[in-house]
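For any residue, its number in this note's numbering is found by taking its place in the sequence shown, counting from 1, and adding 1. Report on one structure; see the data block that follows.
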Amino acid sequence: MLRRVPGQSSEVYSRYFRQVRRLIEDASRRNQGRKAILFGQSFGGMVALEFVRSTPMEWRDRYIKHLVLAAPLPTGGFTQAVQNFASGADFLIILGVDTLAMRPMWRTFESAIVNFPSPTLFGSRPLVITRERNYSAHDMEDFLAATGYSAAVEPFRRRSVPNMGYFQAPMVPTTCLNGVGIETPEQLVYWDGDFDAEPEIVNGDGDNEINLISMLAFDEQMRRQPEQNKLFKTIKLRGADHGTIVTEDWVLKRVIQEILEANRV
């Protein structure tokens with residue numbers, strides 16, 4: 002999944018969506034026509050949202066009861082995505098292999114650039130600070146080149162940038178849970194311009210990965226569509242970490258509670 006992003010044409014991904022549709026239809030048929038509750042977390046939340054939006058409205062009305070999203074990756078992007086590209090993604094784990102050794106592979110993934118901060122949301126505030134120059138969300142093409150991987154510039158310009166402003170409400174009942182109150186990267190300082198080194202980090206609010214500003218922008222996008230607004234519930238869980246939002250007991254209990262509540266409606 003990490004090699005493909007929503008909005009990018011892919012026969013493999015389209016085939017996967019067809020398989021999910023058949024799975025839901027079969028499950029409904031075996032359960033007296035009951036509708037399904039879909040759940041997605043992090044990148045899976047973004048994929049679940051894209052799946053629902055890819056289906057005809059008539060199909061959604063018949064088969065989807067509720068969409069529950071836990072810390073979905075937002076279209077407005079987040080600063081951690083920039084650090085992952087520069088210094089390597091610490092969630093790619095192979096025993097005995099460090100993050101820098103994994104970085105070349107991560108940079109070839111389409112998803113490495115899809116969640117870069119949107120200029121509309123993050124504006125001109127520096128996200129990456131070096132002695133020679135600063136990089137805001139408007140300067141990400143220059144930043145990609147500065148990291149030494151200019152091969153990412155063209156796909157970023159052609160695929161990621163056009164999707165930054167794209168949002169389509171799923172038009173099904175939706176609950177979104179996010180963690181807040183955890184220090185989350187807002188600015189990265191690579192003073193010597195050495196992207197092999199760990200940056201000094203200026204933190205703000207978020208879930209340790211997604212910035213609060215990105216979560217609130219997602220909520221606003223969902224509410225902008227009047228019909229979706231009636232079907233949308235957003236929950237902010239103080240202290241819920243992005244990486245453990247579905248594994249830490251107290252947070253998982255809340256997620257399950259929301260799924261059970263959606264099923265009772």
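Note that the Cβ used here is the ideal one computed from N, Cα and C, for glycine as well.
Closest Cα partner of residue i within the set the options
i: residue 231; options: 260, 175, 124 and 19; result: 175
i: residue 157; options: 119, 88 and 203; result: 119
i: residue 64; options: 16, 149, 30 and 252; result: 30
i: residue 261; options: 69, 25 and 152; result: 69
i: residue 113; options: 200, 237, 62 and 87; result: 87
i: residue 144; options: 159, 160, 194 and 111; result: 194
i: residue 198; options: 26, 62, 25 and 148; result: 148
i: residue 161; options: 19, 236 and 76; result: 76
i: residue 171; options: 58, 135 and 116; result: 58
i: residue 109; options: 18, 151, 92 and 206; result: 151
i: residue 240; options: 233, 251 and 234; result: 251
i: residue 169; options: 19, 154 and 50; result: 50
For residue i: DSSP bridge partner residues
i: residue 136; result: 129
i: residue 183; result: 207 and 208
i: residue 188; result: 203
i: residue 239; result: 181
i: residue 76; result: DSSP, once it has assigned bridges, lists no residue as partnering residue 76.
i: residue 175; result: 68 and 233
Assigned exposure category for residue i - 16 Cβ within 10 Å defines buried
i: residue 6; result: No answer about residue 6 holds up, because its pLDDT of 48 lies below 50 and its placement is not dependable.
i: residue 32; result: exposed
i: residue 246; result: buried
i: residue 104; result: buried
i: residue 173; result: buried
i: residue 256; result: buried
i: residue 39; result: buried
i: residue 72; result: buried
i: residue 208; result: buried
i: residue 78; result: buried
i: residue 102; result: exposed
i: residue 254; result: exposed
i: residue 15; result: exposed
i: residue 41; result: buried
i: residue 48; result: buried
i: residue 43; result: buried
i: residue 24; result: exposed
i: residue 267; result: The question about residue 267 has no answer here: the residues shown for the chain are numbered 2 through 266.
For residue i, the first and last residue of its enclosing alpha helix (DSSP H)
i: residue 257; result: 250-265
i: residue 80; result: 80-88
i: residue 114; result: 112-115
i: residue 232; result: Run containing residue 232: none; DSSP gives neither H nor E here.
i: residue 214; result: 213-225
i: residue 122; result: 120-123
i: residue 197; result: Note, residue 197: premise wrong, no alpha helix (DSSP H); not H, not E.
i: residue 143; result: 141-147
Residue i: first and last residue of the uninterrupted beta strand (DSSP E) it sits in
i: residue 42; result: 37-42
i: residue 21; result: Unbroken run through residue 21 is the alpha helix (DSSP H), 12-31; no beta strand (DSSP E).
i: residue 101; result: Where residue 101 is concerned, there is no enclosing beta strand (DSSP E), although the alpha helix (DSSP H) it sits in stretches over 100-108.
i: residue 71; result: 65-71
Heavy atom of the ligand PLP within 7 Å of residue i beta-carbon
i: residue 19; result: The ligand PLP is not part of this structure, which contains no ligands at all.
Beta carbon proximity, residue i to chain C, threshold 8 Å
i: residue 256; result: This model lacks chain C altogether, as it is built from one protein chain only.
Check: Do the stretch 181-190 and the stretch 198-213 touch if we need at least three Cβ pairs shorter than 8 Å?
Finding: yes
Margin query: Assess contact between the stretch 78-88 and the stretch 40-54, defined as three or more Cβ pairs (one per stretch) separated by less than 8 Å. Is contact present?
Written below: No, they do not touch.
Item checked: Contact the stretch 161-168 vs the stretch 106-125: 3+ CB pairs below 8 Å -> yes
Next item on the list: For the stretch 128-139 and the stretch 187-204, state whether three or more C-beta atom pairs, one from each stretch, are separated by less than 8 Å.
Entry: yes
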